[in-house]
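Residue numbers (the working numbering), protein chains in the order written: chain A, 14 to 311; chain B, 14 to 311.
Worksheet: the structure to be examined is printed underneath.
There are 2 protein chains.
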Amino acid sequence: MSEKVGFIGLGIMGQGMTHNLLKAGVDLTVWNRTRSKAESIVTAGAQWADTPAALAHQCDIIITCVSDTPDVEAVILGEDGVLAGIKAGALVIDMSTISPHATREIAAKLAEKGAHMLDAPISGGSEGAAKGTLSIMVGGDVVQFDRAMPFFQAMGKAITHVGEQGAGQMVKLVNQVLVVITGLAVSEAMVFAQAGSLDLEKTLAAVSQGAAGSWMLSNRGPQMIQRDWRPGFTIDLQQKDLRLVLEAADQMGVPALGTSLVFNLYRTLQQQGLGSEGNHALVKALEHLSGFRVGDGV
Amino acid sequence: MSEKVGFIGLGIMGQGMTHNLLKAGVDLTVWNRTRSKAESIVTAGAQWADTPAALAHQCDIIITCVSDTPDVEAVILGEDGVLAGIKAGALVIDMSTISPHATREIAAKLAEKGAHMLDAPISGGSEGAAKGTLSIMVGGDVVQFDRAMPFFQAMGKAITHVGEQGAGQMVKLVNQVLVVITGLAVSEAMVFAQAGSLDLEKTLAAVSQGAAGSWMLSNRGPQMIQRDWRPGFTIDLQQKDLRLVLEAADQMGVPALGTSLVFNLYRTLQQQGLGSEGNHALVKALEHLSGFRVGDGV
């Protein structure tokens, strides 16, 4: 791994990912909007760049892992952004979850400078980032995918090339459609079971193994019964991703009936100040509508 | 198993169940609205009763496995029904999927004659009925549950006592809420992925193992891509069960946003004559709304 890597975005995900890159022996330079968040990784051996442009000027591979579409646009296309410093032949890997449409626009601007781009959004949460077990869904040129593979392997486990530029983001959005509507299934079922005065533990045991089964049911169902709202993924972050789903669905001309419903239900929870709870707190929106409370009398 | 068993309802499920009871050495009497459907089991050694009342008069345990709430009411409460012939101490086991509310009303009428009742709806389809691998969710008195256990074991594998009278039906409805909304998740995700020109096989592979995963995704997702609409469970039967869910939700005063949405989408498919297709043909309702067709160009 002789290529120099720059990493932009030292949030909850970037912290684990950069430490794993360093551990793998990568020559690493970092930049973050808030410099203090870089202290840990700089102490561990990474170099600091003063701007994204300066970072890009020094690096062969530039990884971005920030919050949302405007953040990626700012660090790549903005003043002193990556685009201003990038070298021909360099590779930008965006590991944020952002708009597939915006991804293709950014890729086109990088291409004008002779630079490449992969979209490589991740799932697995901060725990997966820390442990190096992220799932990585990659869109873009296969040659660039192969080039990036050793670095992906330092950060993740299930690394899948899913198609052309933007396809990684699109698959991530498909993942989120599945997560939230399956979460609605579990939420509606739990409130229905509660209203029917069922023993919720026995009910879960009776239905989890067959055609009704899902990761959300087996993992978040018991948390709902225990009213444990600690986040694997927060409502606020989930809502950001659903906005991307609805935006993409609108651009493609496809309805998203279930996702829209969940988006609106999450909105009511955000209004109540519950945005930092786990996405399975969706059940609370149905509780508020009905007056039944999952786990009461259990 | 010295108790004499009567079995009412020789449909697609009852055929397999009665043959498995006979194989287990049960002394079996049967009745069915259409007598010709009893030929196979009578040839195999079962006795025929001329009415449900006559059957009840001869038997200690009476199993009903018919289509819907009115059918159970007809064979138990109707003219020459089970109630007219039943002996004190006898046990009625209803293995149909019907209204939990109606179940409790029927049980009360049987109790007036000194007879017991269990509700024991099943899942696993005609294949599970034939193989004796049904899942059985049982509501009612534990002593009666223990009494029925040897007969359940002749017909099924996962046999769970889930609570009081009506609880078996309620858990079955919870199961159906989960099945259809998880099915909506898979359907919406597949149409979204198709609209995004994704490789659907790669997409499934990338998302099936994590938080987005479900039995419906792993089993019905590939069928959708192959446009294989053979039923594990038909839209018409699913719709019958959803009507029970919505009726129970209404009686309990609990909203059922996701189930209502799926009910309405299935209605459009029934109007198009697709009621005998598998419940995963739900994706066709979203295709009709959008103009995208899953599997095109794959």
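Cβ coordinates follow ideal geometry from the N, Cα and C atoms, glycine included.
When the Cα of S112 of chain B is compared with those of B:G310, B:S273, B:L259, which residue comes out closest?
-> Ranking B:G310, B:S273, B:L259 by Cα distance to S112 of chain B puts B:L259 first.
Who are the near neighbours of D249 of chain A in its chain, counting only those whose CB is closer than 8 Å to its CB and skipping five residues on each side?
-> Q283, G288, S289
Pair every Cβ in the stretch 258-277 of chain B with every Cβ in the stretch 191-209 of chain A, then say whether three or more of these pairs are closer than 8 Å.
-> yes
Write down the C-beta distance between G19 of chain B and I75 of chain B rounded to the nearest angstrom, noting that I regard them as a contact closer than 8 Å.
-> 4 Å
Identified DSSP bridge partners for Q60 of chain B = B:T42
Which one of B:E52, B:V88, B:I99 has the shortest CA to CA distance from D73 of chain B?
-> B:I99
What residue does the beta strand (DSSP E) around F20 of chain B start on, and which one ends it?
-> 18-21
Under 8 Å between C-beta atoms, does Q285 of chain A make it to chain B?
-> Not closer than 8 Å to any Cβ of chain B, the Cβ of Q285 of chain A fails to qualify, so no.
Counting Cβ pairs, one atom from each stretch, are 3 or more of them under 8 Å apart for the stretch 216-229 of chain B and the stretch 164-177 of chain A?
-> yes
At 7 Å on the CB atoms, spell out the chain A contacts of L197 of chain B, in chain order.
-> Listed along chain A, the residues sitting closer than 7 Å to L197 of chain B by beta-carbon distance are I194, G271.
Amino acids of chain A, ordered along the chain, whose beta-carbon sits closer than 7 Å to that of M237 of chain B | What M237 of chain B touches in chain A: nothing, since even the nearest Cβ is about 13 Å away.
In whole angstroms, what separates the C-alpha of F275 of chain B from that of D241 of chain A?
-> Note on residue identity: the sequence assigns Val, not Phe, to residue 275 of chain B. One C-alpha to the other measures close to 29 Å.
Consult DSSP for G137 of chain A and reduce its assignment to one of helix, strand or coil.
-> coil
Select from B:K297, B:A180, B:A103, B:D93 the residue whose C-alpha is nearest the C-alpha of E16 of chain B.
-> B:A103
For V176 of chain A, three-class secondary structure by DSSP = Before going on, a small fix: residue 176 of chain A reads as Gly here, not Val. G176 of chain A falls in the strand class under three-state DSSP.
Within 8 Å (strictly less), CB to CB, does M108 of chain A reach chain B?
-> no
If we count the other Cβ atoms within 10 Å of its Cβ and call it buried at 16 or more, is P134 of chain B buried or exposed?
-> buried
Express the C-alpha separation of G196 of chain A and S49 of chain A in angstroms, rounding to a whole number.
-> 37 Å
Contacts that E201 of chain B makes with chain A (C-beta to C-beta distance below 8 Å) = V190, I194, A269, L270, G271, T272
Indicate whether S227 of chain B and G226 of chain A have their beta-carbon atoms separated by less than 8 Å.
-> yes
Rounded separation between N292 of chain B and P235 of chain A - CA only = 27 Å
What residues from chain B crowd round A262 of chain A, counting only those whose CB sits closer than 7 Å?
-> F205
Partners in chain A for T230 of chain B, counting only beta-carbon separations shorter than 9 Å = The question names Thr, but residue 230 of chain B in the sequence shown is Leu. L191, T195, S227, listed in chain order.
List the DSSP bridge partners of I76 of chain B.
-> B:F20, B:I106
In this structure, does DSSP put T31 of chain B in helix, strand or coil?
-> helix
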